[in-house]
Each structure stands twice: as structure tokens, then as C-alpha cells.
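*Asks:*
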Ligand code: AMP
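In our numbering, the protein residues as written are 8 to 484.
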């Protein structure tokens, strides 16, 4: 199938051609005709499948027709759970709509001054991309005119539900014309999501692309068992020095750990920075720009902040802490292997992570193979009977790429391990200093590690504990 056969406006086709897209992705191929026919749609598609264009292209096509009524309010409204995702959606709207006369896109996100947003909302808008909390504020102040709204898109609706935004979404939907077309994109379409769809959509067509099992075939997943925090940090250090690593996102369970680990890595000489929800929007934007430009090689992030990050250079995702929710695992690893590239996802796990690992494997339908790094093997009690990948080249001093590992020379267990490390994992870093984390912050982290179980450490906010008030919820945007 070609984009031409989808009967999209020629200006959109020209922009797609500029983007270098030769053919629609499966979600675009199935969803675009349904939306162009005017149906409501509930679609299950993960980030990385081209889902943004699946709703943005037909939305822009709608804008190529004259508006149905007077006014200057938005004709398309897209709601997103996070600011980063909202920014990507706005960028996509600008990219695909660049040749169109009527495709002015405005973002209304938490963390940005109200005065600027008031000005934006007072001028004519075609596409409004917003996080629910901030949009509700403007709605309650009478600053948004939905009288000519034609399409409402709920992107990553499952995430909006998780983050406690669904009431806000329902309030916003109730303020839009009943005649609107509604599209809902979500990782899952059953359970509560089906209920929400029933309330907000009219006779929706259902589109599901690629099951959880089929996704991420281009991403090599593996795990390393870690004895304790010091061992984990040595493994992390080893992974981050892999010659194959272009850029990495390291996920931590808490914002505080993200800051601390990013600081430690920076001190170790890595171009590292943190990204989390406590940072001001300006700082988050600057960090993402630096990541895109390759100035930051290692981003240490929490789930919420990293959601929606689409940077082609991310070769590795490292789960420093496992996510509490299996869906988050899929979202995390989807930060690598973007647009058909291959990627590597490594999880650093302790022997307390068994339940989480089983939840993740159950959700993805894939078993994650355990791997060992010679010289950094876990203590025997950590071992299990599963086959392990061999990460040795049998020679000291040279690190092989994962592709070489796959071709697999036999592991000489007697040999000195890669990079000449000893069993205690100490080895020389770039600057000739012993690498690993030995500063005061390591001691602090070790103390915490010793007193808190890994699963509870930092995962203080369970679903039940997630903030319920809107002001608190904004923290999650
Ligand atoms: P998304 O799932 O919307 O986050 O998109 C994932 C990536 O795929 C983004 O970098 C898009 O620019 C890219 N993309 C979207 N549609 C296509 C297409 N038809 N061909 C190639 N790349 C695409």
C-alpha cells in the first residue's frame, strides 16, 4: 500500500515524501481509512509503530476541508498523558502539516506560564495538543473555545487512566460538541479501557496491530543478576563502556535516584543527565534537545518523563530498577529500536525481582535470557538453571559487539575476563581511575539498599497511592 492510495491531501503527501516515508506502517494502513470514513476508532498500538501519524494524517486531512462553523478555537484536540509525548505530537503535526494553510498547532502543557498560553488560546488555533490537567484549568477559566471542535484524540489513554487523568479527560470530552469524531489509542483495549471507550466513543471501529508478543522483535532483551548495589553499579559501568553503545536511557524507580545516579555517572566522566517529573519544563526541554543532538549520551530517567521519547540514537535501554508494571517494561524498551532500527534492552535484577520478572514475561510472552559478564558473575546463590548467553570473547582487553557474541566463540572461563577485570569487578576506567562508584553517594545508596527491599525502594507510589487531587496529579504530567 502507498500513502497515495489512502487519498490523503496532496500537501500532506508532499510532507510525507520530505520525511522519507515510503509506505504506511500497519497501524497507519488500517487506521487511516477508518478515520477518513468518519468512524470513531479504538486502536491498540504501541509507541514506535507510527501511531502518531495514524491519527495526525487523517486529522490534517480534515483540516484541508473548510471549517464547519465560525470561531477560532481548535478543530482537532489531542490529549496526551505527558508533556514529552505532547511535544512529539505537536512536532509531528508541524512536520506533516507544513505545506497546509490551516494547520496551526498549539501545545498547552503543565509547567509553562499561563500568560503565554492565554495568548496562544486567544489567537486562531487548528490543532490543540494538551495534557489534561492544564487544559482543565484553562477550560474552567473560560479560555478555550471548543465550539468548532471536530475531532478528539486520546493518545495513550491507558496511561492517562494509570495517571489518574480519566476524570479530567471525561470533563474535557463533555465540553466538546457531541458531533465530534473520537479516536482512542491505547496499549490495551479491554477492561476499564473498553468501559471508557463505551462512554466517550460512538460505535467505534476496533483496530489492533501487533500483539504484545509480536512487538519489539528488533530489540535484544537480556538480564543480569546483581548481588547488591555495588555489583549492580559495576555491571552498569561495564555496559555503559560498551563500544556498541551509542546512547542509552537508564531507568530508575525514583526521581531522586535518577538525579543521584546521573550525578554519579557524570562524575565518572560519562556525558549523563537526569530527566524526571520534578524538573522544570525548560530544563526537561533542554535535556531532550541535548539528547537529540547527541550531547547527552546517557539519560537517567523515570518512567513518566521518558514516555514518548523518540530519539533514533538510543541503542540501549538499561533497567537499573525494574518497572513495577509490566506495560512500563514494554514502553521502556520501546525507547530503543525506533523506526525499524535494532536495539538492546538490559535489565539489572536482584534475586528479589522474581515476581516482577514473571509478570513482565507473562505480559510480553517472551522469556528474558540471563547473561553473565566474565569477572562480574553473580554469586552462586543468584544462579539458576537457565541457559546463559556468553559475553566473553575469551580474550582480555577487547570488548565484542553483541552481534559478535551471538556468533559466539566459546567462553574460556579460566581466562582473564573482558577488559582484564578481576573477580571483584574493579578495573581501570577511562581516566586511569578505578571505575565503579565509590564516592559518598554510593555509600548513601548502599545504605538505602541495605535497609529497603529493591522492590519497595522508590516504588512508593503504587496505583492505589497515586495522587488523586488535580494539583498533585500535575506532577505526573
Ligand atoms: P510513533 O509510533 O508515532 O512514536 O512513531 C515512531 C517513529 O516512526 C517516529 O520516529 C516516526 O517519525 C516514524 N514513522 C512514522 N510513520 C512512518 C512511516 N510510514 N515510515 C517510516 N517511519 C515512520
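Ideal placement from N, C-alpha and C gives every residue a C-beta, glycine not left out. Keep in mind the model is a prediction, meaning the values are calculated, not measured.
1. Can you list, in chain order, the residues of its chain with a C-beta nearer than 6 Å to that of residue 72? Leave out the 5 residues immediately preceding and following it.
2. In the DSSP assignment, what residue or residues form a beta bridge with residue 231?
3. Cβ of residue 4 within 8 Å of any heavy atom in the ligand AMP?
4. Do you know offhand how far residue 215's Cα is from residue 165's?
5. Can you list, in chain order, the residues of its chain with a C-beta nearer than 8 Å to that of residue 278? Leave out the 5 residues immediately preceding and following it.
6. Taking only the alpha-carbon atoms, compute the straight-line gap between residue 177 and residue 321 and give it to the nearest angstrom.
7. Are residue 298 and residue 332 closer than 9 Å when you measure CB to CB?
8. For residue 227, which of 40, 337 and 105 has the nearest alpha-carbon?
9. Per the DSSP calculation, residue 225 is bridged to which residue(s)?
10. Among 120, 84, 108 and 307, whose alpha-carbon lies nearest the alpha-carbon of residue 288?
11. Three Cβ pairs or more, each shorter than 8 Å: is that satisfied between the segment 345 to 358 and the segment 314 to 330?
12. If you follow the alpha helix (DSSP H) that residue 42 is in, where does it begin and where does it stop?
13. Under 8 Å: do the segment 79 to 97 and the segment 151 to 163 share three or more Cβ pairs, one atom per stretch?
14. Give the range of the beta strand (DSSP E) segment to which residue 212 is assigned.
15. Taking only the alpha-carbon atoms, compute the straight-line gap between residue 118 and residue 107 and give it to the nearest angstrom.
16. State yes or no: is the C-beta of residue 50 nearer than 8 Å to some heavy atom of the ligand AMP?
17. Ignoring anything shorter than 4 residues or poking outside the segment 283 to 364, list the alpha helix (DSSP H) runs there in chain order.
18. Starting from residue 123, trace the alpha helix (DSSP H) in both directions and tell me its first and last residue.
19. If we call anything under 9 Å between Cβ atoms a contact, is residue 204 one with residue 191?
20. Within the segment 42 to 93, note down every full beta strand (DSSP E) run reaching 3 residues or more, in order along the chain.
21. Since residue 265 contacts residue 307 with CB under 8 Å, what's their CB separation in whole angstroms?
22. Tell me which residue opens and which closes the beta strand (DSSP E) that residue 380 is part of.
23. Among the residues of its own chain, which have a CB less than 8 Å from the CB of residue 20, if the five just before and after it don't count?
*Replies:* Concretely, from the data shown:
1. Against the chain shown, residue 72 aligns to sequence position 65. Contacts found: none.
2. By 1-based counting over the chain shown, the position of residue 231 is 224. Answer is 355, bridged to residue 231.
3. Residue 4 cannot be examined here, being either before or after the span of the chain that is shown, 8 to 484.
4. Counting from one through the chain shown, the residue named residue 215 turns up at place 208. Counting from one through the chain shown, the residue named residue 165 turns up at place 158. About 15 Å.
5. For the purposes of this step, residue 278 is taken as the residue at position 271 of the chain shown. Closer than 8 Å at Cβ, skipping near neighbours: 302, 303, 304 and 305.
6. Your numbering for residue 177 matches position 170 in the chain shown. Your numbering for residue 321 matches position 314 in the chain shown. Residue 177 and residue 321 have their C-alpha atoms spaced approximately 35 Å apart.
7. Numbered from 1 along the chain shown, position 291 holds the residue referred to as residue 298. Numbered from 1 along the chain shown, position 325 holds the residue referred to as residue 332. The answer is no: Cβ separation not under 9 Å.
8. One-based indexing of the chain shown puts residue 227 at position 220. Closest by alpha carbon: 337.
9. Taking the first residue of the chain shown as 1, we reach residue 225 at position 218. Bridge pairing for residue 225: absent [DSSP].
10. Locating residue 288 in the chain shown gives position 281, counting from the first residue. Of the listed residues, the one whose Cα sits closest to residue 288 is 120.
11. Yes: the two stretches touch, three or more of their Cβ pairs being nearer than 8 Å.
12. Position 35 of the chain shown, counted from the first residue, corresponds to residue 42. That run of the alpha helix (DSSP H) goes 33 to 43.
13. In short, these stretches touch, since the Cβ pair count reaches three.
14. For the purposes of this step, residue 212 is taken as residue 205 along the chain shown, with counting starting at 1. Segment 212 to 215, the beta strand (DSSP E) holding residue 212.
15. If you number the chain shown from 1, residue 118 lands on position 111. If you number the chain shown from 1, residue 107 lands on position 100. Taking the straight line from one Cα to the other gives about 30 Å.
16. Here residue 50 is taken as the residue at index 43 of the chain shown, counted from 1. For the ligand AMP, not one heavy atom lies less than 8 Å from the Cβ of residue 50.
17. Listed in chain order, the complete alpha helix (DSSP H) runs (minimum 4 residues) inside the segment 283 to 364 are 288 to 300, 310 to 313 and 333 to 340.
18. Indexing the chain shown from 1 puts residue 123 at position 116. Counting along the chain, the alpha helix (DSSP H) containing residue 123 begins and ends at 121 to 129.
19. By one-based count along the chain shown, residue 204 stands at place 197. By one-based count along the chain shown, residue 191 stands at place 184. With contacts defined as CB atoms closer than 9 Å, residue 204 and residue 191 qualify as a contacting pair.
20. Fully enclosed beta strand (DSSP E) runs of 3 or longer: 48 to 51 and 83 to 86.
21. Working through the chain shown from its first residue, we reach residue 265 at position 258. Working through the chain shown from its first residue, we reach residue 307 at position 300. Taking 8 Å as the upper bound for CB-CB distance, residue 265 and residue 307 are in contact here, some 5 Å apart.
22. The residue given as residue 380 occupies position 373 in the chain shown. From DSSP, residue 380 is part of no beta strand (DSSP E); its letter is neither H nor E.
23. Within the chain shown, the letter at position 13 stands for residue 20. Here the set comprises 10 and 11.
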